[in-house]
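K.L.:
After the structure tokens below, expect a handful of questions from me.
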Amino acid sequence: MRRRRAAAMVSDRRAIGIGLMGLGVVGSGVARILQEKADVYARQIGLPLELRRVLVRDTGKKRAFDVAPELLTSDPRDLLDDPEIELIIEVMGGEQPAYSYLRDALNANKFVVTANKEVMAKHGGELIMLAREHHVDLLYEASVGGGIPIIAPLKRDLLANDIIGVTAIINGTTN
Numbered sequence: 005m006r007r008r009r010a011a012a013m014v015s016d017r018r019a020i021g022i023g024l025m026g027l028g029v030v031g032s033g034v035a036r037i038l039q040e041k042a043d044v045y046a047r048q049i050g051l052p053l054e055l056r057r058v059l060v061r062d063t064g065k066k067r068a069f070d071v072a073p074e075l076l077t078s079d080p081r082d083l084l085d086d087p088e089i090e091l092i093i094e095v096m097g098g099e100q101p102a103y104s105y106l107r108d109a110l111n112a113n114k115f116v117v118t119a120n121k122e123v124m125a126k127h128g129g130e131l132i133m134l135a136r137e138h139h140v141d142l143l144y145e146a147s148v149g150g151g152i153p154i155i156a157p158l159k160r161d162l163l164a165n166d167i168i169g170v171t172a173i174i175n176g177t178t179n
């Protein structure tokens, strides 16, 4: 069902709208990559990825990476209520308000990508179930193992196995 919804999202749009939550070091890196690799993503996906709004605490703050001022907002509803934003990328860190925003995004039928270790450790099960309930994807691989590709291979390559759960402590420096 989610694959069909994701395919419909791509086929019905001229661009995939992205809302970015957080513009610190990681968020600036995400924004920079979206800008610098725009043509690569458009070729791979078949549509351009368009950064539509960026949630920050202080819209007037001077930033290391320039984002058009009209994209900046301090109101999460500007991302969550915008029908042109299909995908939320959360890189704020910390439990709150990130957890509330992720929950609200899933309830608003938004696809979500998060790198938030704390939220996934404390609320991951709930958020995964909420994503399933709303037929959207919650992608959290960046919060597990420092971005080591673990979750997708488990879900895809071991599909025929009856895996109930995996418990481990993995970080980006584990060999």
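Residue 164 in this note's numbering sits at position 160 of the sequence shown, with consecutive numbering throughout. The C-beta atom is built at its ideal place from N, Cα and C for all residues, glycine as well.
(1) Measuring alpha carbon to alpha carbon, tell me which of HIS138, TYR105, VAL140 and HIS139 ends up nearest HIS127.
(2) Figure out for me which residue from MET133, SER32, ASP79 and VAL58 has the closest Cα to the Cα of PHE69.
(3) Exposed or buried, LYS114, counting other C-beta atoms within 10 Å across all chains shown (16 or more means buried)?
(4) Check each candidate in ILE89, GLU88 and ASN120 and name the one with the smallest Cα separation from PRO101.
(5) When you compare the CB positions of ARG57 and GLY23, do they come within less than 8 Å of one another, or not?
(6) For VAL140 and VAL116, what's the separation of their Cα atoms in angstroms?
(7) Just to confirm, are GLU74 and ALA19 a CB contact at a threshold of 8 Å?
(8) DSSP three-state call for MET25: helix, strand or coil?
(9) Can you tell which of SER78, ALA146 and ALA112 has the C-alpha that lies nearest to the C-alpha of ARG61?
P.N.:
Reading off the structure:
(1) Position 123 of the sequence shown, counting from 1, holds the residue named residue 127. Among HIS138, TYR105, VAL140 and HIS139, the Cα nearest to that of HIS127 belongs to TYR105.
(2) Residue numbering aside, residue 69 sits at position 65 when the sequence shown is read from its first letter. Nearest C-alpha to PHE69: SER32.
(3) Position 110 of the sequence shown, counted from the first residue, corresponds to residue 114. By the neighbour-count rule (16 or more Cβ atoms within 10 Å), LYS114 is buried.
(4) On the sequence shown, position 97 is the one that residue 101 refers to. Closest option to PRO101, Cα to Cα, is ASN120.
(5) The residue you call residue 57 lines up with position 53 of the sequence shown. The residue you call residue 23 lines up with position 19 of the sequence shown. It is a contact, given that the beta carbons lie within the stated cut-off.
(6) One-based indexing of the sequence shown puts residue 140 at position 136. One-based indexing of the sequence shown puts residue 116 at position 112. If you take the alpha carbons of VAL140 and VAL116, they lie about 8 Å apart.
(7) Along the sequence shown, read from residue 1 onward, the residue named residue 74 stands at position 70. Along the sequence shown, read from residue 1 onward, the residue named residue 19 stands at position 15. Taking 8 Å as the Cβ cut-off, GLU74 and ALA19 do not qualify as a contacting pair.
(8) Taking the first residue of the sequence shown as 1, we reach residue 25 at position 21. Looking at MET25 - three-state DSSP - the assignment turns out to be strand.
(9) Reading the sequence shown from its first residue, position 57 is the one you call residue 61. If we check each option's Cα against that of ARG61, SER78 comes out closest.
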